[in-house]
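Residue numbers (this note's numbering), protein chains in the order written: chain A, 1 to 438; chain B, 1001 to 1438; chain C, 2001 to 2438; chain D, 3001 to 3438.
Just so it is clear, CB atoms sit at the ideal spot from N, CA and C, and this is done for glycine as well.
Values in this document were obtained by computation on a predicted structure and should not be read as measured data.
4 protein chains.
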Amino acid sequence: MIDRYALPPVRAIWTERAQYERWLEVECAVVAAWEELGAAPAGTADRIRRAAVIDVDDIHAIEATVDHDVIAFITSTTHAMGDEARFFHLGMTSSDVVDTALGLALKQSGQLLLQQLDTLRGVLADQAVRYRGTVVVGRTHGIHAEPTSFGLKFLSWLAETERNQERLAHATEGVACGKISGAVGNYANIDPRVEQIALGRLGLAASKCSTQIVPRDQHAEFVAALALVGAQVERMATEIRHLQRTEVREAQEPFKPGQRGSSAMPHKKNPILCERLCGMARLLRGYVTAAYEDVALWHERDISHSSVERVILPDAVMMTYYMLDRVTWLMEGLIVDADRMETNFAVSHNLVFSQRVMLALVGRGMSREDAYTLVQGLALAAWEHGADFRTLCAAEARIGALLPPAELEALFEPQYYLRNIGPVYARFGLDKTKEEQS
Amino acid sequence: MIDRYALPPVRAIWTERAQYERWLEVECAVVAAWEELGAAPAGTADRIRRAAVIDVDDIHAIEATVDHDVIAFITSTTHAMGDEARFFHLGMTSSDVVDTALGLALKQSGQLLLQQLDTLRGVLADQAVRYRGTVVVGRTHGIHAEPTSFGLKFLSWLAETERNQERLAHATEGVACGKISGAVGNYANIDPRVEQIALGRLGLAASKCSTQIVPRDQHAEFVAALALVGAQVERMATEIRHLQRTEVREAQEPFKPGQRGSSAMPHKKNPILCERLCGMARLLRGYVTAAYEDVALWHERDISHSSVERVILPDAVMMTYYMLDRVTWLMEGLIVDADRMETNFAVSHNLVFSQRVMLALVGRGMSREDAYTLVQGLALAAWEHGADFRTLCAAEARIGALLPPAELEALFEPQYYLRNIGPVYARFGLDKTKEEQS
Amino acid sequence: MIDRYALPPVRAIWTERAQYERWLEVECAVVAAWEELGAAPAGTADRIRRAAVIDVDDIHAIEATVDHDVIAFITSTTHAMGDEARFFHLGMTSSDVVDTALGLALKQSGQLLLQQLDTLRGVLADQAVRYRGTVVVGRTHGIHAEPTSFGLKFLSWLAETERNQERLAHATEGVACGKISGAVGNYANIDPRVEQIALGRLGLAASKCSTQIVPRDQHAEFVAALALVGAQVERMATEIRHLQRTEVREAQEPFKPGQRGSSAMPHKKNPILCERLCGMARLLRGYVTAAYEDVALWHERDISHSSVERVILPDAVMMTYYMLDRVTWLMEGLIVDADRMETNFAVSHNLVFSQRVMLALVGRGMSREDAYTLVQGLALAAWEHGADFRTLCAAEARIGALLPPAELEALFEPQYYLRNIGPVYARFGLDKTKEEQS
Amino acid sequence: MIDRYALPPVRAIWTERAQYERWLEVECAVVAAWEELGAAPAGTADRIRRAAVIDVDDIHAIEATVDHDVIAFITSTTHAMGDEARFFHLGMTSSDVVDTALGLALKQSGQLLLQQLDTLRGVLADQAVRYRGTVVVGRTHGIHAEPTSFGLKFLSWLAETERNQERLAHATEGVACGKISGAVGNYANIDPRVEQIALGRLGLAASKCSTQIVPRDQHAEFVAALALVGAQVERMATEIRHLQRTEVREAQEPFKPGQRGSSAMPHKKNPILCERLCGMARLLRGYVTAAYEDVALWHERDISHSSVERVILPDAVMMTYYMLDRVTWLMEGLIVDADRMETNFAVSHNLVFSQRVMLALVGRGMSREDAYTLVQGLALAAWEHGADFRTLCAAEARIGALLPPAELEALFEPQYYLRNIGPVYARFGLDKTKEEQS
């Protein structure tokens, strides 16, 4: 991943040194298993861990000769070891080390991302509550539809976050998995109990049925889950991009600390973070196809998945981490212009209330057909001449005859449209809010 | 979907008539909810259902005029209704009907596919047990690696099937979902209890927070789950394609009933079903990207997902159904040539046993270095001159000195490599097999 | 392709009957080649064509028995033939017929699509000229940037259309290709001159080096070209979706003939066609991946591409045809509100002109720093208080001192920003327009 | 791109320093244009270039404050400049610099890749000629079909290389493009002649109609062309993977210099390079979707494409470069086992010749039906009992009666199947080869 999108916590997982440290961790866990099974003297694993030295340059130097990364790693790492070295990598094949270590990296990555999703969830819940009573025009097809609560937008994203937490948790559980089962997965040269003990120590599940490697449908699920997180971020970012349009201006990206708001073109606040996030969602989608193509490996394994994974696993993790980090910051600091939301109803001349006026007239005894014809006429007049529908209604005698001014006015109260959202909030345990209590 | 891949059970779900029937089912469930809430007289829902007539041609005729499918449906369906018609579609918006009905179709589709996965699971378990003791050369990178159990291949697919069952069950649960929440999802004109009651009757969950529609991340998950099923089928089909190669011939697609095996070119049994399945997996992968792009709709909904879903939802379901139907048939009837598996060890001159010979020599006291050098020399000779490694070993005095003929011979026993697979079978509850008892 | 998106001209290409007719056309061309080479009596091809009968049901009935579509076709078609039947399919393999016939279908499809692109090109050129002098605010990041010509939008799409014409023409040339080269492409049983003559008669190129089939990179290029056409349509449709937003309303989709504009919610003109087109672009993108995966077939051919192509070739062609048909209608009938474009400058308080005011002050001798500070102050005031920047400038003494009212006013003339677009139009041969002449 | 796949020539293009150097190159070309138009004193461009200093760290330091990369670049680079600095970036917007510089990077990248394709073309032509007379069994569906020339495989790849050269040349021409047309592409603040002169100096075309940027369909075409190159490499690599299988062993990857062939498992030569290349083709495919999604930017531009391009443009270029570098090495050094190719006919018991025997019998007067029945019987016997079809024919009296031993033997001559490949070679100008002359 390019530097600008690689944030420290996940970047640290995917360095070459960190990979060798995981390899060592796996090797030591296996030695500990041999110890537990009585095949190695007590204390061997500890002695090995103390004696092991990870020297990335040395590994590179050896690899240049032997052209095999695991052999280079073993040679270099066990260099200063004494007799214990013979228990190092005992009975193992390279894939046992490499694939199990990958499980560690993915588990750690998944957990970090899950923490982020949880933080995002909290921010979204807060904002949903905060903006519960803020009315905004609901839009379908980009066209004004009916008034709604601005908080509901956050609630909808919150629900999606919860679903993505569930998906990512499942996918992470799937890849938090290793295998110490030999060259073709049948434990031909190693006791199955070694795998059980070693993976237990590492906090990984054992692949229920491995080949030379852990089957790749689990990695595909993991990447697909990340891309779905990306799609959620894209959805949120797209909404903000729309709300930040010059013509809408109901919300905008927060300022970065130190960023100066003033310039000769103060209207030119571009939602560049949101645009960047949308681009990243595309990248993640592209990785899914590649990950899916990795499933159908040949026989007990071919290594075609490896070049794919070297690129997309760190990239997808780092990109998703970056996206969640930024979108959380965005959601938390979102600049909301509630006044603007209110005045924007006028853009469609308060026509979003037309149906309610019609129903009120029917309620007062006007026939449905008459009411429809009357309201339709006023609505068309408002639309064509850019007049305010509310004003036209107030001036219409046939309406005044049935609805006194105060009652008519009340029909244009957007809050009416929020009267049923309580149960929705309640589904998220957000029912006992200050807003509702007051 | 083109006819040849559209099998009856799923095809029936996706006809236009079936869609209107689901629409009617949703409308009736809502009327029943109104009834339950006292807003409609008892028996209204029943009367409506009896009076409702679905006439596809008539709907088309009306749609040609009004250019709105739901209005055309309502007009046509309620044509012969009496006064009850006023409770039909009461308080609803088109999306309430259409999206909820889609939930019904997807739930039904998911369930059919889950049944198929379960059938496949059973077939794979049977074959895993059946071929547990059948030795085949394990191959990595397409190259002979170590002997293994042919049954393990089925077991590996079985494990993947179980994972896909879990994924598809989760995804189906996600799309088995509806919404009766109005134009922007805030129940502005409808009591939230109507949704609760109606969806309960329909056997669907309510979207935890809908916009005008059910959020599309769930449909994306569903399509992604189908494509992962497709990837599994591709993996199985790829294996059979390899095994059916003229040079390998360890397994082949079953004959279709009535298919004649004889011709002037009897070797030309082409794995065309497996190839077809591989192609289909590609199609399913392509649908995933489109489904993911559908997530980020504008504001409370735009309808760009609709043209995508009209094509990919039925196509993905029908394709996956076809694939599972065919791959189950394939797996069940797979023609296996165990003799050929045995003789194929000779293709690599029995060199897959070389490591075991070396370890045996070390076990008898030869130094590791000497053993390696000796075995390596024989292995190279076998490889370069196309000689049998076993024969060369038997003729080598330094080996004979340590390993009597019978003991040497035993080292070339492929069954040795299966001695540890019991625990793997046990993980699937397949440990108490006839094979193991005997 | 589902009915609603399958328009007659391309649908006709992809019926089963049309396919058999192409097969017959290929067979006859080959017979004619034999004739030309003296291997068949003069007139054989003509007699065969007259005697050949295509009976789809009969072909199906035979296929049910022989399980081979080409054999069923030959059997059925030659049924009523006399002795000439022995020259039918002489020396050919199935793929010679099927793949060459596919070349015919793709050539015809490509040509129809190229005609559509040409029509679109013409419509876009007309609109570019028509709206050349219409000023609209240019937007970057969805934010007002600088005034520009509405015609330039069409010109940009026109340029993209030209590029897509070039790409599709190249791709069509690539797939307008056949092969009569036998089972593995080496003419083992057929004279290479037969291919040359037959394909010449069919108006197809010969694959420069075929395997059993025409290599699939050409089909991949074709699908990729269609998806790029789709992306162009998506770009145009996205623009209209934005312009049709309630808050923008600068343009909107045309009414369909007979469509009634009136309703109680006249503002609710939804850009559903544009949304539909955006969805279709996603579908086309998904097909690209599948088509690319078809390239790496095994050895001299495997048939995994076939199931992919049965679905995506007709679907991609029909979808692209539909999209071009609709977007041309859209572009031609686009409802443009030039007044609204003019008044929308006020949404950003005429701040898009701020830079020009600053430069004018510098031109009159104010220091750059002073000018910047002054303009910036007014701009901020306009933005924060929702005041008109032009009015604020007019009221500012330091500006009045340098710029008389008329000169100041002239700075807010959007037409200024169009003064350099002539050369752009000239690149398209659109320089001698009425607008420019007047 | 990760280090291991980033080869020096292309890596050098995509460093941050190289990017700034291109930015400077663009700025200088624009100054030179001003000079040419008389708006800057003679020699300004030269003086600016000499005075400009690119200091990446300094740019970073400034960017940390101003949060704008182009401003940071200008500030830093012009630091040591005198009065000329006022002509630096004169009349330009950031995108003019950035997008034009990207055009330079892509042009250079495309040219390097085209050179590689040309080298590959040469290697493939040599190998096609070299192996023209080498007979190998042609395989369809992985099953033996008919004998063919091993050289034809190279020729097929050669044809695909030529097509990809054409595609990449076109795509490179498309992206070798810049724009100096201002914030919304209408030259509002800059003379169109500046663009013309500056781009001419840079060796780039001017975008025929730019927005704020060069339209992205051209970048999409470029990425799609790279992915199609990737698909070709995948096709070649897949073939070698198949040929290197233990059971086939007709070809294998070359040894790396210094790589030792000996080990205790000499048969374990894994085609890991080919597998790696197959994985990379998947990655490239995934980039296509993202690049296509970048086409439909909002209005005169949004910046969502930028995060996509920061990742995929360098990655796709470097990956393709790596793939071409390696596959050329692979093709050039491919280890071919012609003996094995010959003996592999025996794997299908010489049944690939059965049709020819049948035709010979018909030629000698046996009825087609009798010939078919006779040959079919022998073929089945050969297949079922693993006997050699040639031997069975030789022992069959009814055959001996018509075909003397020598004539029968001649029918099993694979070279017969190559007799018509001359014209194919001739299409590539490869007809006058030593092989053919002798």
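So that I know if they touch, is there some Cβ in chain A lying closer than 8 Å to that of residue i?
| i | result |
| --- | --- |
| Ile1303 of chain B | yes |
| His2385 of chain C | no |
| Glu2275 of chain C | yes |
| Leu2380 of chain C | yes |
| Ser2109 of chain C | no |
Indicate whether at least one CB of chain C lies closer than 8 Å to the CB of residue i.
| i | result |
| --- | --- |
| Lys442 of chain A | No statement about residue 442 of chain A is possible, as the shown extent of chain A runs from 1 to 438 and does not include it. |
| Pro271 of chain A | yes |
| Gly1185 of chain B | no |
| Met265 of chain A | yes |
| Arg1285 of chain B | yes |
| Leu351 of chain A | yes |
| Lys268 of chain A | yes |
Would you say residue i faces chain D, with C-beta separation under 8 Å as the test?
| i | result |
| --- | --- |
| Thr289 of chain A | yes |
| Gly279 of chain A | yes |
| Asp475 of chain A | Shown here, chain A extends from 1 to 438; a query on residue 475 of chain A therefore has no answer. |
Report yes or no: is there a C-beta of chain B within less than 8 Å of the C-beta of residue i?
| i | result |
| --- | --- |
| Ala3251 of chain D | no |
| Ser354 of chain A | no |
Can you give me the start and stop residues for the beta strand (DSSP E) that residue i sits inside?
| i | result |
| --- | --- |
| His3385 of chain D | First-last for His3385 of chain D: Arg3368 to His3385, but that is the alpha helix (DSSP H), not the beta strand (DSSP E). |
Could you pull the start and end residues of the alpha helix (DSSP H) that residue i belongs to?
| i | result |
| --- | --- |
| Tyr144 of chain A | Correcting the residue identity first, residue 144 of chain A is His in this sequence and not Tyr. Counting along the chain, His144 of chain A falls outside any alpha helix (DSSP H), though it belongs to the beta strand (DSSP E) covering Ile143 to Ser149. |
| Val3070 of chain D | Asp3069 to Thr3077 |
| Gly133 of chain A | Element bounds for Gly133 of chain A: n/a, residue is neither H nor E. |
| Tyr3321 of chain D | Ser3304 to Gly3333 |
| Gln415 of chain A | Taken as a continuous stretch (DSSP letters only), Gln415 of chain A belongs to no alpha helix (DSSP H), as it is neither H nor E. |
| Ala1338 of chain B | Ala1338 to Thr1343 |
| Cys274 of chain A | Ile272 to Glu293 |
| Glu253 of chain A | No alpha helix (DSSP H) holds Glu253 of chain A; DSSP gives it neither H nor E. |
Output yes or no for whether 8 Å exceeds the beta carbon distance between residue i and residue j.
| i | j | result |
| --- | --- | --- |
| Val1347 of chain B | Val1288 of chain B | no |
| Arg2249 of chain C | Arg2340 of chain C | yes |
| Gln312 of chain A | Ala296 of chain A | Reading the sequence as shown, one finds Ile at residue 312 of chain A and not Gln. In this structure, Ala296 of chain A does not lie closer than 8 Å to Ile312 of chain A by Cβ. |
Open item on the list: By the 9 Å beta-carbon criterion, what residues does the segment 1397-1426 of chain B contribute toward chain D?
Closed with: none
Open item on the list: Under 8 Å, CB to CB, which of the residues in the segment 3217-3249 of chain D have a partner in chain A?
Closed with: Arg3241
TODO: Determine, using beta-carbon pairs with one atom in the segment 2073-2089 of chain C and one in the segment 2045-2059 of chain C, whether at least three such pairs fall under 8 Å.
DONE: yes
Open item on the list: Residues of the segment 2326-2346 of chain C in Cβ contact with chain B at a cutoff of 9 Å, in chain order, please.
Closed with: none
- [ ] With 7 Å as the C-beta to C-beta threshold (strictly closer), list the residues of the segment 1128-1142 of chain B near chain E in chain order.
- [x] In the displayed structure, chain E is absent; the protein chains listed are A, B, C and D.
Open item on the list: Check whether the segment 204-219 of chain A and the segment 1152-1164 of chain B are in contact - that is, three or more C-beta pairs closer than 8 Å.
Closed with: yes
- [ ] Flag this pair as touching only if the segment 3006-3013 of chain D and the segment 2171-2189 of chain C have three or more C-beta atom pairs under 8 Å; answer yes or no.
- [x] no
TODO: Count the CB pairs spanning the segment 355-370 of chain A and the segment 400-420 of chain A that are closer than 8 Å, and state whether there are at least three.
DONE: yes
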